[in-house]
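Here is the structure we will look at, set down as structure tokens.
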Amino acid sequence: MRCSCGLAGAVTAVVGALAVRAAPLKRSDSSPLPDDAVALIKQRLIESATDTWTSGTYVEALLELDYPELSVFSSSSGTYPPPSSASPPYEVESIVASWASKRPSWTKELAYENGGAAADPAALGVGWLVAAAFADDDTKAVYLAQARQEVNYLLNSVPRTGDGAISHRPPGESPSLWADYVSMVPPFLAYYGVATSDRSLVAQAYTQIKLYRAHLQSSSSGSWKHVVGGGSFEDAGLWNTGNGWAAHGIVRVLATMQASPWSESFANEKTDLADWATEILTSAFSHLKSDSLLPNYYDAASSSYFSDASGSALLAAAAYRLAQVSGTSSEYLVETASTIRSAVNGKINQSTGWVSPVVNPLSFKAQSSASPEAEAFLLLLEAAWRDYYSSIASSS
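The sequence shown runs -19 to -1, 1 to 377 under mature numbering (1 follows the signal peptide of the UniProt record, and there is no 0).
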């Protein structure tokens, strides 16, 4: 995916009750992933999720799957400090502590990787704040200060386009907008805004998505181009995983906004976010192949049409989440997500836990037999599927 070179309000507001209005749909994917398959997937992630964005995505997957009461998609009304029924997210705390221990004292980012993207460390941001909520006072103060530095870095140090879109790439490089960014930065800005009672940061998360959509959306469909600007990184193709990153990030911001104290005042923004996620999903799902997976690129010009379980899983997860949160998702989107989920889960090697075929996350047009981010997407999909149908049951 890249170059290889007042928290008291956070848990309460962000995981506050979400209105679930989705109509019941016929369930065609009723089998959960077996526990041993989930364990294998997690083991592969422990071994391979060593980059900031894959580690951050794994953290998000852990919150959604294993600690749903701490996820922005929770339908429970949390309190802060977390209620006694809320289990400490030990795995999340461990991952954050590991990154914090390696963080150079001079950096303003949550984590530093030489040659890495400016946006990628922000993928760890939500987990960083959740870990702070469970930490001792000294560690909490350190984590909160580091999160504040990350926000300031993104808003004040990273290059922008003329209209204000924050670059995915770091200072010293020309502004470069990647669809991937939408899962990295806006969800963190929105969550941090709620955590610190700063409405402007929630609004900024929306604004960044709006600007990215203006630059990246294809003129002929609702799909997004992968990369605009940035010289050698330029990729005008309609990359499956890039569209997954965009859709899932949009829905995470929508859920955060809906659970915020300013939900009613964000009525128009919430409608936009739901519409924009729907655009991406509807366009993507129109490319469903005979094996019930989506192609690596949707456009013929990119010449990379192999079936990709990675982006397919993330887009299906976004469809379930959109239906859960907005209650306005079409039956077509959920049914297609169900079809994709069945196909993706059928591609998991029961001996190793790896899912394939997948795109190489460092070489976007190349096929691979293993991908750390794809493993995280499997867990995001499992959590989204479970929570969608749980919301249906609780509202019926």
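Glycine included, each C-beta is placed from N, C-alpha and C at the ideal position.
Being a predicted model, the structure only gives us computed values, none of them experimental.
**OP:** Within 10 angstroms of the Cβ of E260, are there 16 or more other Cβ atoms? Answer buried if so, exposed if not.
**Re:** Label assigned to E260: buried.
Original post:
Shortest alpha-carbon distance to A160 belongs to which of Q127, L219, S244, S246?
Top reply: Comparing Cα positions, the closest option is L219.
**OP:** Indicate the three-state DSSP secondary structure (helix, strand or coil) for A374 in the structure shown.
**Re:** Helix at A374.
**OP:** May I ask you to list the residues that DSSP assigns as paired with S344?
**Re:** Per DSSP, the beta-bridge partners of S344 are N341.
**OP:** Locate the alpha helix (DSSP H) running through G108, then write down its first and last residues.
**Re:** Following the DSSP letters along the chain, one finds G108 inside the alpha helix (DSSP H) bounded by residues 106 to 115.
**OP:** Can you give me the Cβ contacts of N326 inside the same chain, cut-off strictly under 7 Å, excluding the 5 residues immediately before and after it?
**Re:** A distance below 7 Å between beta-carbons, with the five flanking residues on each side excluded, links N326 to the following residues of its chain, in chain order: L14.
Original post:
The alpha helix (DSSP H) spanning P168 covers which residue range?
Top reply: It spans 167 to 176 - the alpha helix (DSSP H) in which P168 sits, taken as one unbroken run.
Original post:
Where do the N-terminal and C-terminal ends of the alpha helix (DSSP H) with K83 fall, by residue?
Top reply: Per DSSP, K83 belongs to the alpha helix (DSSP H) from 71 to 83.
Subject >> DSSP beta-bridge partners of Q198 >> reply: In the DSSP output, where bridge partners are listed per residue, Q198 has W205.
Original post:
Leaving out five residues before and five after A298 in sequence, what residues of the same chain have Cβ atoms less than 7 Å from its Cβ?
Top reply: If we look at A298 and ignore the five residues flanking it on each side, its Cβ neighbours are H229, F358, L361, L362, A365.
Subject >> Integer Cβ distance of V232 from V306, believed to fall under 8 Å >> reply: The Cβ separation is near 6 Å, so the contact holds.
**OP:** Apply the 10 Å Cβ neighbour rule to S79 and answer buried if 16 or more other Cβ atoms are within range, or exposed otherwise.
**Re:** The residue is exposed, with fewer than 16 neighbouring Cβ atoms inside 10 Å.
Subject >> For R229, the first and last residue of its enclosing alpha helix (DSSP H) >> reply: Sequence inspection shows His at residue 229; the Arg mentioned does not correspond to that position. 221 to 240 is the extent of the alpha helix (DSSP H) around H229.
Subject >> At least three beta-carbon pairs within less than 8 Å, the stretch 108 to 127 to the stretch 146 to 155 >> reply: Contact between the stretch 108 to 127 and the stretch 146 to 155 is absent: fewer than three C-beta pairs spanning the two stretches fall below 8 Å.
Original post:
Starting from D272 and walking both ways along the alpha helix (DSSP H), at which residues does that stretch end?
Top reply: Going by DSSP, D272 is part of no alpha helix (DSSP H) at all; its letter is neither H nor E.
Original post:
Does the Cβ of S201 have 16 or more other Cβ atoms within 10 Å, making it buried, or fewer, making it exposed?
Top reply: Exposed.
Subject >> Close Cβ partners of V132 (< 6 Å) along its chain, the five nearest in sequence each way excluded >> reply: If you ignore the 5 residues before and after V132, its C-beta comes within less than 6 Å of the C-beta of Y173, all in its own chain and listed in chain order.
**OP:** For L295, collect the residues of the same chain with a Cβ closer than 8 Å to its Cβ; drop the 5 residues on either side in sequence, then sort them by chain order.
**Re:** Excluding positions up to five away in sequence, the list reads T222, G225, W226, A228, H229, F358, L361, L362.
**OP:** Just grab the DSSP bridge partners of W159 for me.
**Re:** Beta-bridge pairing links W159 to V208.
Subject >> Secondary structure of L6, DSSP reduced to three states >> reply: Annotation note: pLDDT 43 at L6 (below 50); position unreliable, no value reported.
**OP:** State the CB to CB distance for the pair A318 and V234, rounded to an integer number of angstroms; the pair is presumed to be in contact (CB under 8 Å).
**Re:** Going by Cβ atoms, the distance from A318 to V234 rounds to 19 Å, so no, they are not a contact pair.
Original post:
Can you give the Cα-Cα distance for A104 and V111, rounded to whole angstroms?
Top reply: Their Cα atoms are separated by approximately 13 Å.
**OP:** Report yes or no: do three or more beta-carbon pairs, one from the stretch 81 to 93 and one from the stretch 275 to 284, lie closer than 8 Å?
**Re:** Taking a cut-off of 8 Å for Cβ pairs, the stretch 81 to 93 and the stretch 275 to 284 do not touch, as fewer than three such pairs fall below it.
Subject >> Bridge partners - R141, DSSP secondary structure assignment >> reply: Paired residues: I147.
Original post:
Can we say the stretch 179 to 198 touches the stretch 136 to 151, given the rule of at least three CB pairs closer than 8 Å?
Top reply: Yes, the stretch 179 to 198 touches the stretch 136 to 151.
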